[in-house]
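*Asks:* Please find one structure pasted underneath; my questions will follow.
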Amino acid sequence: MRSEIENIVDEIKQAISLLRRHLDWDQAVRRLDWLNNKAEDPSLWNDAAEAQKLMRERQQLDDGINGLRRFEQQLSDNIELIELGEEEGDAAIVTDAEEALRQLRNEAAKKQVEAMLSGEADRNDSYLEVHSGAGGTESQDWANMLLRMYTRWAERQGYKVELMEIQDGEEAGIKSATLLVKGQNAYGWLKTESGVHRLVRISPYDSNARRHTSFSSIWVYPVVDDSIQIDINEGDCRIDTYRSSGAGGQHVNTTDSAVRITHMPSGIVVQCQQERSQHKNRAKAWDMLRARLYEAELKKREEAANAEAASKTDIGWGHQIRSYVLQPYQLVKDLRTGVESTSPGDVLDGELNDFMEAALAHRVQGGADAVVEDLN
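Residue numbers for the sequence shown follow the UniProt record's numbering, beginning at 1 and rising by one.
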């Protein structure tokens, strides 16, 4: 086989191996056998809701297991066809089998993405918070650039974006903002973006044109739908109202309609100023708090399963997940996966999928963060 086809075969094998690990193959096969036997029990449908839940799980496992078996069989069959065609000098058989392998590789790549987006809340809408770090105007301007970057990314994905809350900087940029990103798998895509983001550039606010390093953090958590019960003791919460700030005009209220809720046991703070009505802002803030508490629970489960633990840390040196260098050279580098882009302008304009896919694949593989050297 030519080297291109050998590489394709290797890619398919790697995809199958990753999908097997993600499915937890041996456990999945045993669980499917149990569910198949359970489906034969007439008493299962005494509890219709539980029965439907088990049947959905059964279908999911059946699709995953049989899909992998099909991949393995097609891979084996096409390798044999290539070898047979080469032995018999039949170029048509070789060409057809090679094309089938290319299609199989594309299909396996799609399955990998589906596997990476199969977490409990991955299909949900998502909140995304931006917070500027220390450094005043520099970091506040950087926070505003990140807000624009994720807004543009969401628009490229065909998602709907709503600005829930924004706190302007004293001179430029923003201190913080919260976006609501609505669309299929919004949380699944965004969840690996939580962390500190570092910018290196010649400051537009420095009259001496010196190079500055700025930090801002991103925090992502899923919207909680009605099927997920999150109990909150209102006595554990402090509710404050304040006058909203924003871009001016209709976005700025003249009454204290913005709402901030602080959950005292966890220290979680959420804010909403999207609506003119304090009542509506309060209701949305409660939804945001439920979502944050749910995200915290998901994180605990992930840590307990020894998956990647991405926790909120100080916004500064030693905690960044990605560096964006605009001067003296141009490069964006993810410090968990090593993925790079030499076009930071495109990245800041929303081209983030390569970084997200690599981080998702890394999380699915269950490995520790790679040791990646930061940019100077």
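Don't be surprised by glycine CBs; every beta carbon is placed ideally from N, CA and C.
Note that the structure is a prediction, hence the values are computed from the model and not measured.
Quick check: Ser203 and Gly133, are their CB atoms within less than 8 Å of each other?
*Replies:* In the sequence shown, the residue the question calls residue 203 occupies position 203. In the sequence shown, the residue the question calls residue 133 occupies position 133. No.
*Asks:* Look at the alpha carbon of Ser194 and the alpha carbon of Trp219, and state the distance between them as a whole number of angstroms.
*Replies:* Taking the first residue of the sequence shown as position 1, residue 194 is located at position 194. Taking the first residue of the sequence shown as position 1, residue 219 is located at position 219. Approximately 5 Å between the Cα atoms of the pair.
*Asks:* Report buried or exposed for Leu84, applying the criterion of at least 16 other Cβ atoms within 10 angstroms of its Cβ.
*Replies:* By 1-based counting over the sequence shown, the position of residue 84 is 84. Leu84 is exposed by the Cβ-count criterion.
*Asks:* What residue ranges within the segment 334-364 form continuous beta strand (DSSP E) runs of no fewer than 3 residues, ordered along the chain?
*Replies:* List check, beta strand (DSSP E) in window: nothing returned.
*Asks:* When we look at the beta-carbon of Ala310 and count the other beta-carbons within 10 Å, is it buried (16 or more) or exposed?
*Replies:* As a working mapping, residue 310 is identified with position 310 in the sequence shown. Confidence in Ala310 is poor, its pLDDT being 39 and thus under 50, which makes the residue's placement unreliable; the coordinate value appears in the next sentence. By the 10 Å Cβ count, Ala310 comes out buried.
*Asks:* From Asp77 to Met164, what distance separates their C-alpha atoms?
*Replies:* Within the sequence shown, residue 77 is the residue found at index 77, counting from 1. Within the sequence shown, residue 164 is the residue found at index 164, counting from 1. Approximately 54 Å between the Cα atoms of the pair.
*Asks:* Would you call the segment 181-199 in contact with the segment 92-102, where contact means no fewer than 3 C-beta pairs closer than 8 Å?
*Replies:* Taking a cut-off of 8 Å for Cβ pairs, the segment 181-199 and the segment 92-102 do not touch, as fewer than three such pairs fall below it.
*Asks:* Between Asp287 and Leu335, is the Cβ-Cβ spacing less than 8 Å?
*Replies:* The count along the sequence shown starts at 1 and reaches residue 287 at position 287. The count along the sequence shown starts at 1 and reaches residue 335 at position 335. Result no, Cβ atoms of Asp287 and Leu335 do not sit closer than 8 Å.
*Asks:* For the putative contact between Leu348 and Met145, defined by C-beta atoms under 8 Å, what is the C-beta separation to the nearest angstrom?
*Replies:* Working through the sequence shown from its first residue, we reach residue 348 at position 348. Working through the sequence shown from its first residue, we reach residue 145 at position 145. So it is a contact: roughly 6 Å between Cβ atoms.
*Asks:* Given a cut-off of 8 Å, decide if Ile16 and Ala108 are closer than it, judged by their beta-carbon atoms.
*Replies:* If you number the sequence shown from 1, residue 108 lands on position 108. If you number the sequence shown from 1, residue 16 lands on position 16. Contact: yes.
*Asks:* Could you compute how far the alpha carbon of Arg211 sits from the alpha carbon of Val94?
*Replies:* In the sequence shown, the residue the question calls residue 211 occupies position 211. In the sequence shown, the residue the question calls residue 94 occupies position 94. The straight-line gap from Cα to Cα measures roughly 57 Å.
*Asks:* Which residue marks the beginning of the alpha helix (DSSP H) containing Met55, and which one marks its end?
*Replies:* Indexing the sequence shown from 1 puts residue 55 at position 55. Per DSSP, the continuous alpha helix (DSSP H) segment holding Met55 begins and ends at 48-88.
*Asks:* Under three-state DSSP, which class holds Gln320?
*Replies:* Here residue 320 refers to the residue found at position 320 when the sequence shown is read from its first residue. In this structure, Gln320 counts as strand in the three-state DSSP scheme.
*Asks:* Name the residue from Val270, Glu80, Ala186, Met264 whose alpha carbon lies nearest to the alpha carbon of Leu289.
*Replies:* Translated into the one-based positions of the sequence shown, residue 289 becomes position 289. When C-alpha distances from Leu289 are compared across Val270, Glu80, Ala186, Met264, the shortest belongs to Val270.
*Asks:* Measuring CB to CB, does Leu19 end up less than 8 Å from Gln112?
*Replies:* Numbered from its first residue, the sequence shown carries residue 19 at position 19. Numbered from its first residue, the sequence shown carries residue 112 at position 112. Yes, the Cβ-Cβ distance between Leu19 and Gln112 is below 8 Å.
*Asks:* Counting only the same chain and skipping the five closest in sequence on each side, list residues whose C-beta sits under 6 Å from that of Phe355.
*Replies:* Taking the first residue of the sequence shown as position 1, residue 355 is located at position 355. Excluding sequence neighbours, Phe355 sits near Asp334, Val339.
*Asks:* Evaluate the contact criterion for the segment 231-242 versus the segment 257-267: three or more CB pairs, one atom per stretch, below 8 Å.
*Replies:* As far as the Cβ criterion goes, the segment 231-242 touches the segment 257-267, which means the pair count is three or higher.
*Asks:* Measuring straight from C-alpha to C-alpha, what distance separates Arg123 and Gln320?
*Replies:* Position 123 of the sequence shown, counted from the start, is the residue given in the question as residue 123. Position 320 of the sequence shown, counted from the start, is the residue given in the question as residue 320. Distance between the alpha carbons of Arg123 and Gln320 is about 27 Å.
*Asks:* So, for Thr337: in the same chain, excluding its five sequence neighbours on each side, which residues have a beta-carbon less than 7 Å away from its beta-carbon?
*Replies:* To locate residue 337, count along the sequence shown from 1; it is residue 337. Once the five neighbours on either side are set aside, the close Cβ partners of Thr337 are Ala358, Ala359, His362, Ala370.
*Asks:* Starting from Asp10 and walking both ways along the alpha helix (DSSP H), at which residues does that stretch end?
*Replies:* In the sequence shown, counting from the first residue as 1, residue 10 sits at position 10. Per DSSP, Asp10 is one residue of the alpha helix (DSSP H) stretching across 3-23.
*Asks:* Counting only runs that start and end within the segment 98-185, where is the alpha helix (DSSP H) found for 4 or more residues in a row?
*Replies:* As far as the segment 98-185 is concerned, its whole alpha helix (DSSP H) runs of at least 4 residues are 137-156.
*Asks:* Mind checking which residues open and close the beta strand (DSSP E) that includes Gln271?
*Replies:* The residue given as residue 271 occupies position 271 in the sequence shown. From DSSP, the beta strand (DSSP E) with Gln271 extends over 268-272.
*Asks:* Just the Cα atoms here: how many angstroms apart are Asn106 and Ser118?
*Replies:* Position 106 of the sequence shown holds residue 106. Position 118 of the sequence shown holds residue 118. The straight-line gap from Cα to Cα measures roughly 19 Å.
*Asks:* Rank Gln330, Gln73, Leu293, Glu129 by C-alpha distance to the C-alpha of Gly180 and give the top, closest one.
*Replies:* Here residue 180 refers to the residue found at position 180 of the sequence shown. As written in the sequence, residue 180 is Leu, which differs from the Gly given in the question. For the residues Gln330, Gln73, Leu293, Glu129, the minimum Cα distance to Leu180 belongs to Glu129.
*Asks:* I'd like the span of the beta strand (DSSP E) that includes Ile239, first residue to last.
*Replies:* Counting from 1 along the sequence shown, the entry for residue 239 is found at position 239. Per DSSP, Ile239 belongs to the beta strand (DSSP E) from 237-242.
*Asks:* To the nearest angstrom, how far is it from the Cα of Pro344 to the Cα of Thr213?
*Replies:* Walking along the sequence shown from the start, residue 344 turns up at place 344. Walking along the sequence shown from the start, residue 213 turns up at place 213. Roughly 15 Å separates the two Cα atoms.
*Asks:* Spatial neighbours of Tyr159 within its chain, please: CB distance less than 7 Å, with the 5 preceding and 5 following residues excluded, ordered by chain position.
*Replies:* As a first step, residue 159 is located in the sequence shown; it is residue number 159 there, counting from the start. The residues are Val181, Lys182, Gly183, Ala186.
*Asks:* To the nearest angstrom, how far is it from the Cα of Ala115 to the Cα of Ile12?
*Replies:* The sequence position of residue 115 within the sequence shown is 115, counting from 1. The sequence position of residue 12 within the sequence shown is 12, counting from 1. Approximately 15 Å, taken between the alpha carbons.
*Asks:* Which of the three DSSP states is assigned to Pro265 in this structure?
*Replies:* Working through the sequence shown from its first residue, we reach residue 265 at position 265. Correct three-state label for Pro265: coil.
*Asks:* Using beta-carbon positions only, say whether Arg58 and Ala28 come within less than 8 Å of one another.
*Replies:* Translated into the one-based positions of the sequence shown, residue 58 becomes position 58. Translated into the one-based positions of the sequence shown, residue 28 becomes position 28. Result no, Cβ atoms of Arg58 and Ala28 do not sit closer than 8 Å.
*Asks:* DSSP on Asn253, reduced to helix/strand/coil?
*Replies:* For the purposes of this step, residue 253 is taken as residue 253 along the sequence shown, with counting starting at 1. Confidence is the limiting factor: at Asn253 the pLDDT is only 48, short of 50, which leaves the residue's position unreliable, though a coordinate-based value still follows. Asn253 carries a coil assignment under DSSP once its states are collapsed to helix, strand and coil.
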